[in-house]
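The block underneath contains the structure these notes are about, expressed in C-alpha cells.
Residue numbers (the numbering used here): 8 to 710.
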C-alpha cells in the first residue's frame, strides 16, 4: 500500500512511557519466555454505551495512528526504566526495547466519527505479542476519553437540534491542560460549532467563540452612570448613535412580556451587557446568572438583543454557569419563546467533564495468538470476550437505516446485499434472526501496515460531518435520551461457535503454581524456570489444586475436550518409579493420566488413564495401560495429555519423540456444571518432581 501523507501528533506526552508499569514487566516475561515472535491479535472495544444511551461516537483514532507510527523508546526512556525495574532484569531486554519498531504491526479500525456499539471492536491491532502489549494503556487512554466526550457532545446536539448553535465553554473546568484541549477537539467532532479555548482553535482550526465572566458583569455597578458608547449600525449609510438609550427603551417593552418589574433588573448587569454588545455586536452572548437569571439576566439580555437587532445585528445567545441548569434552561426557553426562540447554547462543565459518566470503559483484550483463538471467561457475562480475529459489517435496510452490526471470522465470506444471513446474539443462542440487507458496509479499514500510514486521516471538519451523517442513518428510537431501543450487535453462526469452543486457556508459570501448591521443596528456591515439590513420606499427596472454570459456566451435556501440557524439569533427580497424576475434577470425581518414570526418566515411561476420587486415592481405579508402549528413546520432558470426556477416551504423548499417542477409555464422566479444577497428585512416599509449566486449554467441541 502507498503511504498516505499525515499530520504530526500534536501531543508530546503520547509516547511509549505513557503506560502502566505492568505492561513493561509483562513484556519482560514475554521476552524471557521466548514469546517475542508470537503473533497476537488484540481487540479494543467497550462493553456498555455511556449515559444510559444506546450509541457511542468513536473518536481518538488519529492520535492512535500517530502513536503507533512514532512508537520508539529513547535512550533516556531506557535509562529511566533501569532505575525502576529490578536489577535482575537482563541487559538484553533493554536492547530489545530500544530496537522495537512497529513495521510488523497492523492497525485496523472503524472510521473516526462512526457510530459504534458494545462488543464490536473499534480497533484491531495485530503484531508481535510484547510490542502490542506495550501499546495497550496508551491506546485505551487515547480512545476512552475522546469517545466519551464526543458521545456526550452528540447527545447535546441531538437534544438541542441541528438548527441550534452549540459552543463549548469548558476549559476552566476540564481535567488539566490536556483534558481541556481534548475536550475542545472532541466536542467539536461530536457536533459543537465552536469553543472558547483559544489554543484549541490554533491547534485544530476550531472556530473560537467567547462571552464574558462574572467579574466583567460585577465590575459595572448600579451607582455608576452607564457610559457604553455609540454603535455603528450594519447599514453604513446610517450614523452611529448611543446604544444604551435604545436598550432602555426595549427594557420597558420586554419587562411586561416577561412579567418582570423594571426595578428588578440589575442596572449594573444591564450596563455590562450593553458595554459588551457595543464592543462585540456581531458575537454578543451574555452570561445571565450573575444575579437573578429569570428576573434580571434574561430581561436584560432580551433588551440588549432587541436593541442590537435595531442596529442590524443578531445576538448569539445566553450562557448559564451555575444552578439547576436543566430547570433554569427550561424556564429560559419558556420565557424567551413568548417573544422569540433561543437558538444558541454555550455549555461547559457538564459537557467536558461528562458528569453523568466519567469513563467509557474501553478494554483491550487478546483474542488470537499464533492463529489460535483466545478467550477470557468471567462469571459476569459482560466481561466474557468474543475470541478470534474478526471482521465487522453494518447491514442496512431498504430505507437506508442501519439494521444491525454483524461480526464474522476473518476467513468467512462477507454478507452480500439481497442475500439472507443468519445473525446470532453473541451470548444467547436462542436469540437469532435471518436478515436480508439492502446494503452492506465493511466497518474496518487498515490505517497502519508495513511501517506506513495507509488510509487517509481526514480533518476534524470531515469527521464532524461523518458523525452528523452517521446519526441520521439510525432510527430515532436508538438515539433518543429516554428509554432508547438497543441496537443489535450480532455474530455469524461460525463466530459464535468459535466463542463457545474456547472456555479456558492458561499457561501456568512457577509463580502462578506456587499460589496453589502444597509440599513445596523448601530446599529449592522458586525460580522462573521451575517449581519443585517434595512430598516426603506421604502417599497420594495433592500437590496442586487450581480452580479453572467456576460452577454454572458449563452445561453437563456439552461435549468437552481438555488438553493438558506438562513440562517437567528432568534434571532434579526424581526417584526410580516415581509417579505423578494430572487431571481434572468436579470436586467429587477426577479423570486424568497417571505417568511414571523408571530410573530418572532414562527408560520407558508408560502413561495410564486414571479415574479416582478428588482428594483421595487417585490410583484406586486404574484403567488399562496406554498402548503401544513407548520406545526406549521416550524422554518425557513434556507430556501432552488430551481428555475427550464426552467420548470417554484420552491420549498421552511426549513432545520429544514426536509420535507416541495412546488412548484409554473412561467409564464415567464429570458433572461439568459443578465447575472444573486442575489437580496434580503424587503416588509414592518419597518422591520429587520439578514442573517448569503447565498449560491447560478447555474447548467445547460442537462437532
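Note that the Cβ used here is the ideal one computed from N, Cα and C, for glycine as well.
As the structure is a prediction and not an experimental result, all values here were calculated from the model.
Secondary structure at residue 302, three-state DSSP: helix, strand or coil? As a working note, residue 302 is residue 295 in the chain shown. In the structure shown, residue 302 sits in a helix (DSSP, three-state: H, G or I).
With DSSP as the reference, label residue 519 as helix, strand or coil. Taking the chain shown and counting its residues from 1, the one referred to as residue 519 is at position 512. Note: residue 519 maps to helix in three-state DSSP.
Span separating the alpha-carbon of residue 147 from that of residue 551: Your numbering for residue 147 matches position 140 in the chain shown. Your numbering for residue 551 matches position 544 in the chain shown. Roughly 37 Å separates the two Cα atoms.
Helix, strand or coil for residue 548 per DSSP? Numbered from its first residue, the chain shown carries residue 548 at position 541. Three-state DSSP puts residue 548 in coil, outside helix and strand.
So, do the stretch 419-429 and the stretch 25-40 have three or more beta carbon pairs nearer to each other than 8 Å? no
Simplified DSSP state of residue 451, which is helix, strand or coil: Counting from one through the chain shown, the residue named residue 451 turns up at place 444. Three-state result, residue 451: coil.
Three-state secondary structure (DSSP) at residue 126? For the purposes of this step, residue 126 is identified with residue 119 of the chain shown, where counting begins at 1. Coil.
Using the Cβ count rule (16 or more neighbours within 10 Å means buried), how would you classify residue 689? For the purposes of this step, residue 689 is taken as the residue at position 682 of the chain shown. Per the 10 Å Cβ criterion, buried.
Check the DSSP bridge columns for residue 237 and list the partner residues they point to. Looking up residue 237 in the chain shown gives position 230. Answer is 249.
In three-state DSSP terms, what is residue 46? Here residue 46 refers to the residue found at position 39 when the chain shown is read from its first residue. Three-state result, residue 46: strand.
Residue closest to residue 105, alpha-carbon to alpha-carbon, out of 57, 24, 69, 145: Taking the first residue of the chain shown as position 1, residue 105 is located at position 98. The shortest Cα separation from residue 105 among 57, 24, 69, 145 belongs to 24.
If you count every other CB in all the chains shown that lies within 10 Å of the CB of residue 517, and 16 or more means buried, which is it? On the chain shown, position 510 is the one that residue 517 refers to. Counting Cβ neighbours within 10 Å, residue 517 comes out buried, since at least 16 surround it.
Can you name, in chain order, every residue of its own chain whose Cβ lies under 6 Å from the Cβ of residue 239, other than the five neighbours on each side? The sequence position of residue 239 within the chain shown is 232, counting from 1. Around residue 239: 247.
Cα separation between residue 380 and residue 221? Taking the first residue of the chain shown as position 1, residue 380 is located at position 373. Taking the first residue of the chain shown as position 1, residue 221 is located at position 214. Straight-line Cα distance between these residues: approximately 59 Å.
From this set, 573, 523, 152, 121, which residue's C-alpha is nearest residue 553's C-alpha? For the purposes of this step, residue 553 is identified with residue 546 of the chain shown, where counting begins at 1. Out of 573, 523, 152, 121, 523 has the C-alpha closest to the C-alpha of residue 553.
What does DSSP give as the partner residues of residue 497 in its beta bridges? Position 490 of the chain shown, counting from 1, holds the residue named residue 497. Answer by DSSP bridge pairing, in chain order: 413.
DSSP three-state assignment for residue 21, whether helix, strand or coil: For this step, residue 21 is matched to residue 14 along the chain shown. Coil, per DSSP.
Taking contact to mean 3 or more Cβ pairs, one atom from each stretch, closer than 8 Å, check whether the stretch 135-154 and the stretch 315-326 are in contact. no
Would you check if the distance between the CB atom of residue 158 and the CB atom of residue 63 is smaller than 9 Å? Position 151 of the chain shown, counting from 1, holds the residue named residue 158. Position 56 of the chain shown, counting from 1, holds the residue named residue 63. Cβ atoms of residue 158 and residue 63: closer than 9 Å.
Close-in-space but distant-in-sequence residues of the same chain around residue 72 (CB under 7 Å, 5 per side omitted): Here residue 72 corresponds to residue number 65 of the chain shown, with the count starting at 1. Answer for residue 72: 114, 454, 455, 460, 464, listed in chain order.
Can you tell me the Cα-Cα spacing of residue 630 and residue 681, whole angstroms? Against the chain shown, residue 630 aligns to sequence position 623. Against the chain shown, residue 681 aligns to sequence position 674. The pLDDT assigned to residue 630 is 39, lower than 50, so where the model puts this residue is not dependable; a value taken from the coordinates is nonetheless given after this. So the alpha carbons of these two residues sit roughly 24 Å apart.
For residue 186, the three-state DSSP class (helix, strand or coil): Residue 186 sits at position 179 when you count from the first residue of the chain shown. Here residue 186 sits in helix by DSSP.
Less than 8 Å between the CB atoms is what I'm expecting for residue 155 and residue 473, so what's the real figure, rounded? Your numbering for residue 155 matches position 148 in the chain shown. Your numbering for residue 473 matches position 466 in the chain shown. At roughly 18 Å, the Cβ-Cβ gap does not stay under 8 Å, so residue 155 and residue 473 are not in contact.
Could you check what DSSP says for residue 295 in three-state terms: helix, strand or coil? The residue given as residue 295 occupies position 288 in the chain shown. It is coil, neither helix nor strand.
Could you name the residues of the same chain whose beta carbon sits closer than 7 Å to that of residue 27, not counting the 5 residues immediately before and after it, in chain order? Residue mapping note: residue 27 aligns to position 20 of the chain shown, counting from 1. Excluding sequence neighbours, residue 27 sits near 144.
Is the beta carbon of residue 278 sitting closer than 9 Å to the one on residue 251? Position 271 of the chain shown holds residue 278. Position 244 of the chain shown holds residue 251. Contact: yes.
Bridge partner(s) assigned by DSSP for residue 511: Taking the chain shown and counting its residues from 1, the one referred to as residue 511 is at position 504. 705, per the DSSP bridge assignment.
Between which two residues does the alpha helix (DSSP H) holding residue 486 run? The residue given as residue 486 occupies position 479 in the chain shown. First-last of the alpha helix (DSSP H) with residue 486: 483-486.
So residue 360 and residue 180 are in contact, right, with Cβ under 8 Å, and what is the actual spacing, rounded? Looking up residue 360 in the chain shown gives position 353. Looking up residue 180 in the chain shown gives position 173. Sure, about 6 Å apart at Cβ, within 8 Å.
Taking DSSP as the reference, what is the three-state secondary structure of residue 52? Translated into the one-based positions of the chain shown, residue 52 becomes position 45. Strand.
Excluding sequence positions up to five away, which residues of its chain have a Cβ less than 6 Å from the Cβ of residue 19? What you label residue 19 is simply residue 12 of the chain shown in a count that begins at 1. Contacts found: none.
Report the three-state DSSP secondary structure of residue 312 (helix, strand or coil). Taking the first residue of the chain shown as 1, we reach residue 312 at position 305. Of the three classes helix, strand and coil, the one that applies to residue 312 here is helix, per DSSP.
Below 8 Å on the Cβ atoms is my contact criterion, and I expect residue 134 with residue 112 to pass it. Report the Cβ-Cβ distance as a whole number of Å. Within the chain shown, the letter at position 127 stands for residue 134. Within the chain shown, the letter at position 105 stands for residue 112. Rounded, the Cβ-Cβ distance is 4 Å, consistent with contact.
Cutting at 7 Å between CB atoms, please list the residues of its own chain near residue 280, excluding the five before and the five after it. For the purposes of this step, residue 280 is taken as residue 273 along the chain shown, with counting starting at 1. Closer than 7 Å at the Cβ level, and outside the excluded window around residue 280, lie 293, 307, 308, 311.
Assign residue 424 to one of three DSSP states: helix, strand, or coil. As a first step, residue 424 must be located in the chain shown, where it is residue number 417. Coil, per DSSP.
Can you find a CB in chain C that lies within less than 9 Å of the CB of residue 416? The chain inventory of the structure shown lacks chain C, comprising one protein chain alone.
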